[in-house]
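Here the structure comes first, spelled out in structure tokens, and everything after it is commentary.
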Amino acid sequence: MKIDITEQDLFNYVFSPDLLSPEVAEFLNNSKEFSEDIEFFKELKNSLRQELSYQEKKLLAKKIPSYQLNEIIELYPVQTPAKKKVNGLILAAASEEQKKPVVSSRTYYDNNKAYIIKVINYENSCKIFVFSTLYEIIQNFDLIITPQNLKYHIDDNSVPLELDFNVVPESITLEFNLVQQS
Amino acid sequence: MKTGVEILSTLSNLNCPASRKQLIEVSYKIALTYLKYNFRKVKKILISEELTPQELALDAISSLFESDEENRFIIIEEAIKRWNPPIDSEKEAEFFLNKLIASRIEQHISLLLRQSDPFFSRILDKINYLIKKKGLKKSNYLGNVYVIPSHSDKITGCVIKEEDFNSLPLEIFSSRENLFENIFNHLKNETSFAVAIPLNLLIFRLKEVDSSLFEISEATSDYLEKRNVDSIVESALKITLDKFEMSYIKKGKFDNDDFLLIEKVLKDIAYDMKDGGVSPGLYKYFVVHNPEITQEIYLNRYRNTLEYLFKILKQNIASELRD
């Protein structure tokens, strides 16, 4: 049986399948004719679930005056001085191989040094501490790890963010005054 | 759209900053997805304008969010009023926003294609004239405009894709007077595709096949002089080179060897523009004629001038097409 499929049928097939008649749903389930278009709407649906990156939000604010950017603080790693080579330390052939430390840490500052973030990596986990240099409690903010664009909401900074994997962020962004989404 | 954002609620509260923000973010995500879907169409524009897909998506939709003196998103408000059936459910609101953004993306791409290619622009004008003259309709489907018969209300069925459209026999494009009828009949009788002609693909096809639509005659009563496209290119090229000679050669900024080189380069560019599009990166045009010019020499000595002359050439072609 030939069924006239419209763009809205394809849209509903992906976004609101309950709106489709059983005949249309069955036709689309069994037809390959519209697979490319359906794939597009699936991609659209996935894209809507993804968070915008901070760079994209900055671009939105730049091009659309009505778009008010949240207060954003970017923090970058503090450059640690290179370790001096110790002359004269020669290990004997039988010496035990030096093991890499299990715990490592990295510190991040913003330009004004209003915030400090300490990232401590353990063997298979990580703790991220956020501090205010004004000794205030920081509440209701998002912490975004780049370049992976991992975003975590934090109610306040009295406890560290704990992750069950290691991270070595290139930078960390704090985003305040978030619009509540339903 | 199961995005965590209630579209109906944001459309109903356009004065609320939080709603505006959510609407802008969702619209941007939709725009970017449509743009990526049409990437092949915009690839050259992105390269030549040095834009990212993100910037292009934003350029396409930013005017939707311009506020009037009462701080209202008037374009969106008007679009909501015009939408039929009225938007009274979340599902309808989702589809409305999807269509609104898709249409914006299509309009913007079309505008950029017009700006970057005077031949595209000229043929589009002629096609639009024929559409109007024959009472045909346009319909937006997945971010592309299709020409449909006057008796159709919307597109039903599977639309023809680029590869299939480009494989349609040449002869159905040869008659200006029966162009649409011939393509509609072919789609209806010889294929299983919907009776809908992708507008931009049609323009590109006409450009490639060097159809009689290229000839400046009869398409409108204003255009009686018959000229072929080669003479238009030659004329525009001559005006551009005259400008180059006056402003650069006679003032000693470039020598005669440079003039001969740039003449060859501009000629290649002009004919590429006519035959389907200019290659990204104008440096390539230089190397063909003088392999000794390195990228560094090109950047330091020729780039700015060539880009300026290219812009002038496009303007001159557009002007010749209007004359």
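Just so you know, the sequences run in chain order A and B.
The opening position of the first sequence corresponds to residue 0 in numbering that gives the first Met the number 0, with each subsequent residue numbered one higher.
The opening position of the second sequence corresponds to residue 0 in numbering that gives the first Met the number 0, with each subsequent residue numbered one higher.
Using N, Cα and C, we set each Cβ at its ideal position, and we do this for glycine too.
Check	Outcome
Going by DSSP in three states, residue 66 of chain A sits in which element: helix, strand or coil?	coil
Pick helix, strand or coil for residue 126 of chain A, following the three-state DSSP scheme.	strand
Taking its Cβ as the centre, do 16 or more other Cβ atoms sit within 10 Å of residue 109 of chain B, making it buried, or is it exposed?	buried
Quick one: Cα of residue 153 of chain B to Cα of residue 140 of chain B, how far?	9 angstroms
Could you tell me which chain B residues have their CB closer than 7 angstroms to the CB of residue 67 of chain A, listed as they occur along the chain?	16 and 20
Can you list the alpha helix (DSSP H) stretches of 4 or more residues lying completely in the segment 114-182 of chain B, in chain order?	117-132 and 161-165
Which residues mark the beginning and the end of the alpha helix (DSSP H) in which residue 116 of chain A is found?	No alpha helix (DSSP H) contains residue 116 of chain A, which is instead part of the beta strand (DSSP E) from 114-120.
If the cut is a Cβ gap below 7 angstroms, which residues of chain B does residue 3 of chain A touch?	155 and 156
Would you call residue 88 of chain B buried or exposed, if buried means 16 or more other Cβ atoms sit within 10 Å of its Cβ?	exposed
Just mark residue 297 of chain B as buried or exposed, buried being the case when its beta carbon has 16 or more other beta carbons within 10 Å.	buried
Can you list, in chain order, the residues of its chain with a C-beta nearer than 7 angstroms to that of residue 311 of chain B? Leave out the 5 residues immediately preceding and following it.	239 and 242
Got a sec: which bits of the segment 178-212 of chain B sit with their beta carbon under 7 angstroms from any beta carbon on chain A, in order along the chain?	none
Flag residue 31 of chain B as yes if its beta-carbon sits less than 8 angstroms from any beta-carbon of chain A, otherwise no.	yes
Looking at residue 3 of chain A: is its Cβ nearer than 8 angstroms to the Cβ of residue 19 of chain A?	no
By the 7 angstroms beta-carbon criterion, what residues does the segment 5-25 of chain A contribute toward chain B?	5, 6, 7, 10, 14, 15 and 18
Do we get a CB-CB distance below 8 angstroms when we pair residue 143 of chain A with the residues of chain B?	no
Per DSSP, which residues does residue 160 of chain A bridge with? Please list them.	A/127
Report yes or no: do three or more beta-carbon pairs, one from the segment 54-74 of chain B and one from the segment 149-168 of chain A, lie closer than 8 angstroms?	no
Using C-beta distances below 6 angstroms, list every residue in its chain close to residue 248 of chain B, excluding the 5 sequence neighbours before and after it, in chain order.	258
In chain order, what residues of the same chain lie with their CB nearer than 7 angstroms to the CB of residue 169 of chain A, ignoring the 5 residues before and after it?	145 and 146
Is there a Cβ from chain A that is less than 8 angstroms from the Cβ of residue 97 of chain B?	yes
Quick one: does residue 172 of chain A have its CB under 8 angstroms from some CB of chain B?	no
Report the start-end ranges of each alpha helix (DSSP H) in the segment 20-57 of chain B that is 4 residues or longer and not cut off at the edges.	38-47
Rounded to whole angstroms, what is the Cα-Cα separation between residue 123 of chain B and residue 90 of chain B?	35 angstroms
Buried or exposed: residue 142 of chain A, going by 16 or more other Cβ atoms within 10 Å of its Cβ?	buried
As a quick exercise: from B/189, B/23 and B/146, pick the residue whose alpha carbon is nearest that of residue 202 of chain B.	B/146
Can you pull the chain B residues whose beta carbon is under 7 angstroms from the beta carbon of residue 157 of chain A, in chain order?	Within 7 angstroms Cβ-Cβ: nothing; residue 157 of chain A doesn't reach chain B, min ~27 angstroms.
Assign residue 19 of chain B to buried or exposed, taking buried as 16 or more other Cβ atoms, counted over all protein chains shown, within 10 Å of its Cβ.	buried
Compute the beta-carbon to beta-carbon distance between residue 172 of chain B and residue 208 of chain B, rounded to the nearest angstrom, for a pair I have assumed lies under 8 angstroms.	5 angstroms
For the candidate residues B/142, B/157 and B/267, whose alpha-carbon lies nearest to that of residue 33 of chain B?	B/142
Does the pairing of the segment 14-28 of chain B with the segment 48-58 of chain A give three or more beta-carbon distances under 8 angstroms?	yes
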